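In the working numbering, the protein residues as written are 618 to 1041. Don't be surprised by glycine CBs; every beta carbon is placed ideally from N, CA and C. Values in this document were obtained by computation on a predicted structure and should not be read as measured data.
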């Protein structure tokens, strides 16, 4: 009887353990099958690799794990592939050309006077080199226009575009009289004003495609649930890139306004980091987002892409914020990227035994010595010779470098990647 009672107790206990949900921190994500320690997730992951090397396969593996944990993600999704495979009820979509997308307006993100400056920096990223002053003036002008329109109640995308891009200079001067942007209308500043509005037009013109609606990225982060997909097709990229970059900047900055919580996870998945252009606030998100639970995963084809967008020094700083590295195949025609990644994977100390011979009056002699030398763990030529879906994984800290072998999975499509707006 005691044995039967013990069996019943063990059976009941086992059922209770099975029914009990596993805390998410015990569900380790994997990278090519290798466990990714939870404490390293918010140190971010950079995934350099050429076309077809396996970046999307790795992100799909991560996204499946994120979904299994019940965590939230902001997914920059070329072609809507991730949306079609991983969407769930409650998820949100941003794409002005997709019939299912949320209606959005920049004014939905404004709560306080200083929000105008933050949003202006997200809508118009800082420039570098000769363009830097014009981008700065464009940010100042845009912030003051946002404030003026909030005061007057003209909080629509149409009015914002009118005042920033097409309103006669004299009308705009009257709107901004007495603000920090008023100096752009001084006598002799015509060229500066024209250059400033040219920058504004380039970054704001995609907003003409937006449909109105109440959706707010900041409110969704604070009180919403599910994930947020930002999709585009290749034929939409030129039209939408500035808008997509703005959304990512707004989302990144909004995460930093959340109360610190190391147990929180908000994932930012950037399949092709350089495809979106310069992202305002990304460096701040990478450096400050850890205590707010932000974890960024970014794909990259070449280091030269970031150098061109951000300038060499800023691009180097940006790459240094990614403490985890999954190196996939790099094109043989890009030896500079392969060499930089080879150096990033580190070195090891080796002992070299050297034999020397000498001859003299007493005859020939030999001597041996041992020399300590440094050599790279992975040569640049090895990175350039990697097969598709193969690579090297270097996690933050003293974790050893692992070989990666990604295995594509067959995912069921749960929704359409894109549903066109009915224009009739």
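* Spatially closest choice to residue 821 from 885, 770, 862, 948, by CA coordinates -> Residue mapping note: residue 821 aligns to position 204 of the chain shown, counting from 1. It is 862 whose Cα lies nearest to the Cα of residue 821.
* Asked: With DSSP run on the structure shown, which of helix, strand or coil describes residue 612?
  -> Any question about residue 612 goes unanswered here, given that the chain covers just 618 to 1041.
* When DSSP builds the beta bridges, which residues end up paired with residue 915? -> Your numbering for residue 915 matches position 298 in the chain shown. Residue 915 pairs with 663, 887.
* To do: Inspect the beta-carbon positions of residue 935 and residue 913 and report whether they are closer than 8 Å.
  => Here residue 935 is taken as the residue at index 318 of the chain shown, counted from 1. Here residue 913 is taken as the residue at index 296 of the chain shown, counted from 1. Taking 8 Å as the Cβ cut-off, residue 935 and residue 913 do not qualify as a contacting pair.
* residue 864 - containing beta strand (DSSP E), residue span -> Counting from 1 along the chain shown, the entry for residue 864 is found at position 247. Counting along the chain, residue 864 falls outside any beta strand (DSSP E), though it belongs to the alpha helix (DSSP H) covering 854-872.
* residue 1025 burial status per 10 Å Cβ neighbour count (16 or more: buried) -> Counting from one through the chain shown, the residue named residue 1025 turns up at place 408. With fewer than 16 Cβ atoms within 10 Å of its Cβ, residue 1025 is classed as exposed.
* Asked: Relative to the C-alpha of residue 803, which residue among 786, 819, 816 is closest?
  -> Taking the chain shown and counting its residues from 1, the one referred to as residue 803 is at position 186. Of 786, 819, 816, the residue nearest in Cα terms is 786.
* Does DSSP classify residue 831 as helix, strand or coil? -> Translated into the one-based positions of the chain shown, residue 831 becomes position 214. Here residue 831 sits in coil by DSSP.
* **8 Å contact criterion, which residue 953 and residue 921 should meet: CB distance rounded** => Start at 1 with the first residue of the chain shown, and residue 953 comes out as number 336. Start at 1 with the first residue of the chain shown, and residue 921 comes out as number 304. The pair is a contact, with the Cβ atoms about 7 Å apart (cut-off 8 Å).
* Asked: Taking DSSP as the reference, what is the three-state secondary structure of residue 651?
  -> Sequence index remark: in the chain shown, residue 651 carries index 34 (1-based). Correct three-state label for residue 651: strand.
* Would you call the segment 829-844 and the segment 723-733 touching, i.e. three or more CB-CB distances under 8 Å? -> yes
* Over the uninterrupted beta strand (DSSP E) stretch that includes residue 1020, give me the two end residues. => On the chain shown, position 403 is the one that residue 1020 refers to. Unbroken beta strand (DSSP E) run through residue 1020: 1019-1022.
* Asked: Run through DSSP, which three-state label would residue 712 get?
  -> One-based indexing of the chain shown puts residue 712 at position 95. Reduced to three states, the DSSP call for residue 712 is coil.
* Member of 752, 746, 795, 774 whose CA lies at the smallest distance from the CA of residue 761 -> Residue numbering aside, residue 761 sits at position 144 when the chain shown is read from its first letter. For the residues 752, 746, 795, 774, the minimum Cα distance to residue 761 belongs to 795.
* What number of angstroms, rounded off, separates the C-alpha of residue 669 from the C-alpha of residue 1007? -> Looking up residue 669 in the chain shown gives position 52. Looking up residue 1007 in the chain shown gives position 390. In a straight line, the C-alpha of residue 669 is about 11 Å away from that of residue 1007.
* Asked: What are the partner residues of residue 694, as DSSP defines its beta bridges?
  -> Within the chain shown, the letter at position 77 stands for residue 694. According to DSSP, which records beta bridges pairwise, residue 694 is partnered with 848.
* What alpha helix (DSSP H) runs, 4 residues minimum, are completely inside the segment 742-786? -> 749-769, 774-778
* To do: Report the three-state DSSP secondary structure of residue 1025 (helix, strand or coil).
  => If you number the chain shown from 1, residue 1025 lands on position 408. Reduced to three states, the DSSP call for residue 1025 is coil.
* Asked: If you run the structure through DSSP and keep just helix, strand and coil, what is residue 839?
  -> Looking up residue 839 in the chain shown gives position 222. Residue 839: helix per DSSP, three-state reduction.
* Evaluate contact between the segment 658-669 and the segment 988-997, counting only Cβ atoms and requiring at least three cross-stretch pairs below 8 Å. => no
* Asked: Can you round the beta-carbon distance between residue 714 and residue 1034 to whole angstroms, since I take them to be within the 8 Å contact cut?
  -> Numbered from its first residue, the chain shown carries residue 714 at position 97. Numbered from its first residue, the chain shown carries residue 1034 at position 417. Residue 714 to residue 1034, Cβ: 12 Å. No contact.
* **residue 925 versus residue 849 - alpha carbon distance** => Looking up residue 925 in the chain shown gives position 308. Looking up residue 849 in the chain shown gives position 232. Distance between the alpha carbons of residue 925 and residue 849 is about 23 Å.
* Cα-Cα separation, residue 1022 to residue 651 -> Residue mapping note: residue 1022 aligns to position 405 of the chain shown, counting from 1. Residue mapping note: residue 651 aligns to position 34 of the chain shown, counting from 1. Looking at the two C-alpha atoms, the distance is approximately 10 Å.
* Asked: Nearest-angstrom Cα distance between residue 847 and residue 865?
  -> For the purposes of this step, residue 847 is taken as residue 230 along the chain shown, with counting starting at 1. For the purposes of this step, residue 865 is taken as residue 248 along the chain shown, with counting starting at 1. Roughly 9 Å separates the two Cα atoms.
* Locate the alpha helix (DSSP H) running through residue 815, then write down its first and last residues. => Walking along the chain shown from the start, residue 815 turns up at place 198. Here the alpha helix (DSSP H) through residue 815 covers 807-821.
* To do: Compare the Cα-Cα distances from residue 1010 to each of 678, 942, 772 and report the closest residue.
  => Position 393 of the chain shown, counting from 1, holds the residue named residue 1010. For the residues 678, 942, 772, the minimum Cα distance to residue 1010 belongs to 942.
* What is the C-beta distance between residue 823 and residue 868, in whole angstroms, given that I count them as a contact (C-beta under 8 Å)? -> For this step, residue 823 is matched to residue 206 along the chain shown. For this step, residue 868 is matched to residue 251 along the chain shown. 17 Å between Cβ atoms; not a contact.
* Roughly how many angstroms lie between the CA atoms of residue 911 and residue 774, to the nearest whole one? -> As a first step, residue 911 must be located in the chain shown, where it is residue number 294. As a first step, residue 774 must be located in the chain shown, where it is residue number 157. Computed Cα separation, rounded: 30 Å.
* What residue range is occupied by the uninterrupted beta strand (DSSP E) comprising residue 1007? -> Here residue 1007 refers to the residue found at position 390 of the chain shown. From DSSP, the beta strand (DSSP E) with residue 1007 extends over 1007-1011.
* **Proximity winner among 813, 729, 661, 890, relative to residue 907 (alpha-carbon distances)** => As a first step, residue 907 is located in the chain shown; it is residue number 290 there, counting from the start. The shortest Cα separation from residue 907 among 813, 729, 661, 890 belongs to 661.
* Can you give me the Cβ contacts of residue 718 inside the same chain, cut-off strictly under 7 Å, excluding the 5 residues immediately before and after it? => Indexing the chain shown from 1 puts residue 718 at position 101. Closer than 7 Å at the Cβ level, and outside the excluded window around residue 718, lie 710, 711, 712.
* Helix, strand or coil at residue 790 according to DSSP, with G and I counted as helix -> Translated into positions along the chain shown, residue 790 becomes position 173. Residue state, collapsed to three classes: helix.
* Asked: Does DSSP classify residue 825 as helix, strand or coil?
  -> The residue labelled residue 825 in the question sits at position 208 within the chain shown. Helix, per DSSP.
* To do: Confirm, please, whether the CB-CB distance from residue 702 to residue 883 is below 8 Å.
  => Walking along the chain shown from the start, residue 883 turns up at place 266. Walking along the chain shown from the start, residue 702 turns up at place 85. No; because the gap between Cβ atoms is not below 8 Å, this pair is not in contact.
* Extent of the continuous alpha helix (DSSP H) run through residue 733 -> As a working note, residue 733 is residue 116 in the chain shown. Segment 732-740, the alpha helix (DSSP H) holding residue 733.
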